[in-house]
Amino acid sequence: MNDSQKQPTSNRTPRRNRKHVGQFLFFLFLGVFILIVGRFSYISIGKKVQNVNLSAAAQQLYTANETLKAKRGSIYDANGQAIAEDTSVYSVYVVLDKRQVGLNGQKLYATNKEKIATVLAKNLPISRKKVLATLNPSSGQPFQVEFGTAGQNISLTTKEKIQAAHLNGVNFVQQEARLYPNGTFASHLIGLAQAQTAKNGQTTLIGSMGIEQAFNKELTGTNGSQKIKKDMYGYQLPGTKQKAKKAKNGDNVYTTLDTRLQTLLETEMSSVQSQVKANSMNAVLMNAKTGAILAATQRPTFNATTKSGLNQVWRNTLVQDAYEPGSTMKIFTLASSINSGNYNGNATYQSGKYTIGNQTVPDWNTSGWGTITYNKGFAVSSNVAMAHLEQQMGAKTWKSYIKKFHFLQSTNSGLPGELQGSIAFKRPIEQADTSFGQGIQVTVFQMLQGLTAVSNNGKMMKPYVISKVTDPNTNKTVKKYSPKVVGNPISSKTAQDVRKHMEDVVYKSYGIGSDYKMSGQRVAVKTGTAQVSNGSGYLSGDDNYLYSVAAMVPASNPKYVMYITMKQPHLGSKTATQLLSSIMKPVMARALQEETETKTTSTNKMPNVQGKTITAATSSLTKAGATVTTLGSGSKVVKQSVTTGTSLYHDQRVFLLTGGKVTLPSLTGWSKGDVVKLAQLEDLKLSVSGDGYVTKQSLKAGSVLTSGSTLSVTLKQNK
């Protein structure tokens, strides 16, 4: 080292001191950092700050508590076809905020508004112009936009079609909904389940009417939950386990309703209602031996799918309306007189009017029929005859039979809001009035219950509409409902005698029920006409009557009972008996036909044909007696319209979905129910006019179906 490289000692000392100071400061900061980290690690592991467990808070921050939604139980008809079941609907929204970018750089906002507008306009009831206007707001910078009612209640099929376009920024929100696949179908009896949001934000379907309300507890499942540890971006952390509690789906409820009979009854009721615009109508078909309700409906009604007509009436008028029945009550007066030993049918009386005290009982034919027998009096529906029978029995005996037939008490149907009825029975004139159905108020179910005593040879059966409740997980029956005898108000002999008198109403030359004659069957009938009460008296005018009919077929040994009421119709050119018989006869005939088919053919179950070739599936279903309609251009079955194991009735139409392009089949001769099912499967807007079977269709057979297309069909009755 030369002299020029040497440094003086006095110059090296300060540099060494600075080095020591730097080292000191480095280790000082390092120590402080370690202390701080250690302190916070210590706190986070085991300490609370201001009563907050930081460790627990951190766990909660990155642990997602997800609710596992339980499925609401389904409601089925007698053959296992779904009447009400859970489904999902969707609402669409589009993200516009360009800051929304995924971890992989994917753009999560709308990048092609023109394409979005084209796709949404094609699949939703909204114009392309309106979609573009929504996507390009004139003011503000919204995070996302929605499309009003056009973008709500979207079906799964439509959602999947939109998603197939792979549009950036287009998202969906799933919502619970209830599907009623048959539309107008015993709507007030089945009821509604509608979404309700609780305080915790959870949305649940709650029954608000009919069976949906009565069996809400059974139908409602129990939600489960699961905890998943996620990172700050919402992804599950690797190596972490899910903690889950399974959801328990609600029980399934099976009714006694027959879909074919119910659909026909709805058609016939709608036909009559369109002609007369009645204030209200009720119709029920019941098994005469068991009390099982096979079909039941009311007017006004509503379409459970679209909710159209729901605001007209919320009551299930089968049990929630009480009314004066009129002359159909004479069935019970006659039965009571015969059973109590007071009836002499060949004895005579003066018809036309009958004075009790200072009051007069008039016949509907005020001139009367002269002096006639009580047998004829029943056949011509004489009020005076019934008043005499009540006087002969005595008020005490007559009142005891009213109770034996279980009027003035609930049938305990289990349906919401059932009424007990009422009676005015203090004065002699009031007691006489009840003998021909005035001054006593009853429900449809009470009348049906009483009628079973006559149809079932004295054994009175409770009307019932639920056959069983099952656990969907095990398929085991949780509760079974069987026919129940609730009384024996009359003897078998009395019941047979009453039915013979009811035959006279139809077949005697002077009987007033000849419109109810059926080909090949003897019919037992009693017609009814009652003035409509206004609370203090009775309304006047030709349109202020309640017309009714009680019918039993076959008369000698009834299998079916039908009861129909029609309140305040505008009759026009047709009589009440003509109108009511146009409902009763085709429904009774179909019921008898079904019974014959059931006896002569074995009951087949719907096989599982999913995944099978069209040829194999069609062959299997044809052997089972079904009619097959294939939807789609695929070669294998992707979905079947009838659930595996369901009982198939003869010629039932089964739809096989194969995927791909769907062309419209010829609908000529199809029933309304089959057309409705097709529209639901292919997400079509359906317009139906007329009743019966399809004769015209707006879209040609062979045309390609697209979601949201409108299909109009015209139906006519077969001659």
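In this note's numbering, the protein residues as written are 2 to 720. All C-beta atoms, glycine included, are put in the ideal place defined by N, C-alpha and C. Bear in mind the structure is a predicted one, so any value in this text is a computation, not a measurement.
(1) Is Gln60 helix, strand or coil by DSSP?
(2) At least one CB of chain B closer than 7 Å to the CB of Lys697: is that the case?
(3) How should Ala525 be labelled, buried or exposed, when 16 other C-beta atoms within 10 angstroms of its C-beta is the threshold for buried?
(4) Rounded to the nearest angstrom, how far is the Cβ of Ser368 from that of Gly378, given a contact under 8 Å?
(5) Would you grab the beta carbon distance between Gly222 and Arg73 for me? Rounded to a whole angstrom, and I think it's under 8 Å.
(6) Using DSSP with H/G/I as helix, E/B as strand and the rest coil, what is Glu177?
(7) What are the residues that DSSP puts in a beta bridge with Tyr694?
(8) Which two residues bound the contiguous alpha helix (DSSP H) that contains Thr619?
(9) Can you name, in chain order, every residue of its own chain whose Cβ lies under 8 Å from the Cβ of Leu765, other than the five neighbours on each side?
(10) By a C-beta neighbour count over all protein chains shown, 10 Å radius and 16 as the cutoff for buried, is Glu596 buried or exposed?
(11) How many angstroms separate the CA atom of Asp78 from the CA atom of Asp259?
(12) Pull up the distance between the alpha-carbon of Thr530 and that of Gln153, whole angstroms please.
(13) Does the contact criterion of 3 or more C-beta pairs under 8 Å hold for the stretch 534-547 versus the stretch 508-524?
(14) Expressed to the nearest angstrom, what Euclidean distance is found between the alpha-carbon atoms of Gln227 and Gln203?
(15) For Val655, name the three-state secondary structure that DSSP assigns.
(16) Do the stretch 171-184 and the stretch 677-688 touch if we need at least three Cβ pairs shorter than 8 Å?
(17) Is there contact between the stretch 666-673 and the stretch 689-703, where contact requires at least three CB pairs shorter than 8 Å?
(18) Relative to the alpha-carbon of Ala433, which residue among Val385, Thr647 and Thr257 has its alpha-carbon at the smallest distance?
(19) Leaving out five residues before and five after Gly211 in sequence, what residues of the same chain have Cβ atoms less than 7 Å from its Cβ?
(20) Compute the Euclidean distance between the alpha carbons of Tyr94 and Gln145, then round it to the nearest angstrom.
(21) Would you check if the stretch 450-467 and the stretch 328-342 touch, i.e. whether three or more CB-CB distances between them fall below 8 Å?
(22) What does DSSP give as the partner residues of Glu147 in its beta bridges?
(23) Distance check for Ile491 and Pro555, CA to CA, integer angstroms please.
(24) Measure how close the beta-carbons of Lys697 and Thr264 come, nearest whole angstrom, since I'm counting them as under 8 Å.
(25) According to the neighbour-count rule (16 or more other Cβ atoms, all chains shown, within 10 Å of its Cβ), is Tyr511 buried or exposed?
(26) According to DSSP, is Gly77 part of a helix, a strand, or is it coil?
(27) In terms of alpha-carbon separation, which member of Thr329, Phe148, Lys249 and Gly106 lies closest to Tyr548?
(28) Could you give the first and the last residue of the continuous alpha helix (DSSP H) run that contains Thr1?
(29) Let me confirm a value: Asp652 is counted as buried when at least 16 other C-beta atoms fall within 10 Å, else exposed. Which label applies?
(30) Along the chain, where does the beta strand (DSSP E) that runs through Asn288 open and close?
(31) Count the C-beta pairs between the stretch 623-643 and the stretch 656-665 that are closer than 8 Å, then say yes if the count reaches three, no if not.
(32) Residues bridged to Glu86 by DSSP?
(33) In chain order, which alpha helix (DSSP H) runs of at least 4 residues are fully inside the stretch 488-553?
(34) Among Ala396, Lys404 and Phe408, which one has its Cα closest to the Cα of Phe426?
(35) Which class does Pro417 belong to by DSSP, given the choice of helix, strand or coil?
(36) For a test of the three-state rule: what should DSSP assign to Pro363, helix, strand or coil?
With the given structure in hand:
(1) Residue placement at Gln60 is flagged as unreliable, the pLDDT there being 46, under the threshold of 50; the coordinate-derived value follows with that caveat. Secondary structure at Gln60: helix, using DSSP grouped into helix, strand and coil.
(2) Any reference to chain B falls outside this structure, which holds one protein chain only.
(3) By the neighbour-count criterion, in which a residue is buried when 16 or more other Cβ atoms sit within 10 angstroms of its Cβ, Ala525 is buried.
(4) Not quite, the Cβ-Cβ distance comes to about 15 Å (not below 8 Å), so this is no contact.
(5) Indeed, because the Cβ distance is near 6 Å, the residues count as touching under 8 Å.
(6) In the structure shown, Glu177 sits in a strand (DSSP, three-state: E or B).
(7) In DSSP, Tyr694 forms a bridge with Ser672 and Lys717.
(8) Its alpha helix (DSSP H) spans residues Ile615 to Lys624.
(9) No statement about residue 765 is possible, as the shown extent of the chain runs from 2 to 720 and does not include it.
(10) Exposed, since its Cβ has fewer than 16 Cβ neighbours within 10 Å.
(11) Their backbone Cα atoms lie some 6 Å apart in a straight line.
(12) Distance between the alpha carbons of Thr530 and Gln153 is about 48 Å.
(13) Short answer: they don't touch.
(14) Their Cα atoms are separated by approximately 15 Å.
(15) It is a strand residue.
(16) As far as the Cβ criterion goes, the stretch 171-184 touches the stretch 677-688, which means the pair count is three or higher.
(17) With the cut-off at 8 Å, the stretch 666-673 and the stretch 689-703 touch.
(18) Nearest C-alpha to Ala433 among Val385, Thr647 and Thr257: Val385.
(19) Result list for Gly211: His189, Leu190, Ile191, Gly192, Asn317 and Leu416, in chain order.
(20) Taking the straight line joining both Cα atoms gives about 7 Å.
(21) Touching, per the Cβ criterion.
(22) In the DSSP secondary-structure assignment, Glu147 is bridged to Tyr94.
(23) Near 20 Å, if we compare the C-alpha coordinates of Ile491 and Pro555.
(24) Wrong, their Cβ atoms sit about 20 Å apart, outside the cutoff.
(25) Its Cβ having fewer than 16 others within 10 Å, Tyr511 is exposed.
(26) Reading off the sequence shown, one finds Tyr at residue 77, where the question assumed Gly. Strand at Tyr77.
(27) Among Thr329, Phe148, Lys249 and Gly106, the Cα nearest to that of Tyr548 is on Thr329.
(28) Outside the shown range of the chain (2 to 720) lies residue 1, about which nothing can therefore be said.
(29) It is exposed - the Cβ of Asp652 has fewer than 16 other Cβ atoms within 10 Å.
(30) For Asn288, the enclosing beta strand (DSSP E) stretches over residues Ser281 to Asn288.
(31) They touch, by the three-pair rule.
(32) For Glu86, which the question treats as bridged, DSSP gives the partners Leu180.
(33) With a minimum length of 4 residues, the continuous alpha helix (DSSP H) runs that stay inside the stretch 488-553 are 493-508.
(34) The candidate whose alpha carbon is nearest that of Phe426 is Ala396.
(35) In the three-state reduction of the DSSP assignment, Pro417 falls in the coil class, being assigned neither a helical nor a strand state.
(36) Pro363 falls in the strand class under three-state DSSP.
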